[in-house]
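Residue numbers (this note's numbering): 359 to 564. Okay, so here's the structure we're looking at.
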Ligand SMILES: Cc1cc2nc3c(=O)[nH]c(=O)nc-3n(C[C@H](O)[C@H](O)[C@H](O)COP(=O)(O)O)c2cc1C
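In structure tokens form, the structure reads like this:
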């Protein structure tokens, strides 16, 4: 039995394709394994941007923290615990201006924590500490970024893969929803391609 964490972040509500397929993957895997899904909907309940209370509070001794620092650090700790408790993390991210939504960036800024989710070896090599977890990452975009002229501008998938790997989440399967803005026929083909990826992932998953 696995524990699932479903993190969604699109500000497009019910129209969101990253939310639709991230939820689909989490619920399908959970139906199979019988574990529980913890949901973190970053659009419905946005996190604050990180503040000096968070940055200074993280390095202050717990007994020396101000009220604001305690509040900021407690929030980040609860977000980190959610990730630490999960065996499988499913993330939905819809491209906004070539990157992930700010809602998802705020979550990543809270959980990327020196000494807690990443550290450095004696030789100075970064070491992610959130190891042994499976990640399914659904990235949606209006354009096509998996290949072609715009591939070098895919700061969303490249950034997410890099940062998740940095904190130890290296076992990542990516599902792309892309090319949805070139008319109804192209959108239909794009959805069919995404659904084929989701089916393939679910067939391979334990
Ligand atoms: C404010 C805004 C900015 C967007 N920026 C881009 C972009 O830079 N490149 C792109 O290909 N699509 C862009 N799109 C299209 C979205 O990436 C696309 O609708 C995607 O499906 C959004 O993910 P979602 O369906 O999970 O909400 C943008 C959409 C919005 C609303």
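The beta-carbon is built from N, C-alpha and C at its ideal position, and this holds for glycine as well.
{"Query": "At what residues does the alpha helix (DSSP H) containing residue 560 begin and finish?", "Result": "542–562"}
{"Query": "Considering only residues of the same chain and omitting the five flanking positions on each side of residue 430, which have a CB-CB separation below 7 Å?", "Result": "409, 411, 412 and 415"}
{"Query": "Round the Cβ separation of residue 530 and residue 495 to the nearest angstrom and send it over; I've been treating them as touching at under 8 Å.", "Result": "6 Å"}
{"Query": "Check whether the region 433–444 and the region 470–487 touch, using three or more Cβ-Cβ pairs below 8 Å as the test.", "Result": "yes"}
{"Query": "Keeping to the same chain, check which residues put their C-beta closer than 8 Å to that of residue 443; ignore five residues upstream and five downstream.", "Result": "361, 363 and 396"}
{"Query": "Our contact map puts residue 401 next to residue 368 with C-beta atoms below 8 Å; I'd like the distance itself, whole angstroms only.", "Result": "6 Å"}
{"Query": "Give me the DSSP bridge partner(s) of residue 498.", "Result": "452 and 535"}
{"Query": "Please determine whether the Cβ atom of residue 370 lies at a distance below 7 Å from any heavy atom of ligand 1.", "Result": "yes"}
{"Query": "Is it buried or exposed for residue 434, if we count other Cβ within 10 angstroms and need 16 for buried?", "Result": "buried"}
{"Query": "Return the CA-CA distance between residue 506 and residue 556, expressed in angstroms with no decimal places.", "Result": "22 Å"}
{"Query": "For the alpha helix (DSSP H) containing residue 525, name the first residue and the last one.", "Result": "Neither: residue 525 is in no alpha helix (DSSP H) and is coded neither H nor E."}
{"Query": "Any heavy atom of ligand 1 closer than 7 Å to the beta-carbon of residue 403?", "Result": "no"}
{"Query": "For residue 536 versus residue 513, is the C-beta distance shorter than 8 Å?", "Result": "no"}
{"Query": "Report yes if the CB atom of residue 446 is closer than 8 Å to the CB atom of residue 387, and no otherwise.", "Result": "yes"}
{"Query": "The beta strand (DSSP E) that contains residue 370, what's its start and end?", "Result": "Unbroken run through residue 370: none, as it is neither H nor E."}
{"Query": "What I want to know is whether the C-beta of residue 461 ends up closer than 7 Å to one or more non-hydrogen atoms of ligand 1.", "Result": "no"}
{"Query": "For a test of the three-state rule: what should DSSP assign to residue 417, helix, strand or coil?", "Result": "helix"}
{"Query": "For residue 499, is the beta carbon positioned less than 7 Å from some heavy atom of ligand 1?", "Result": "yes"}
{"Query": "Quick check: is any heavy atom of ligand 1 less than 7 Å from the C-beta of residue 456?", "Result": "yes"}
{"Query": "Going by C-alpha distance, which of 545, 417, 424 and 359 is nearest residue 501?", "Result": "545"}
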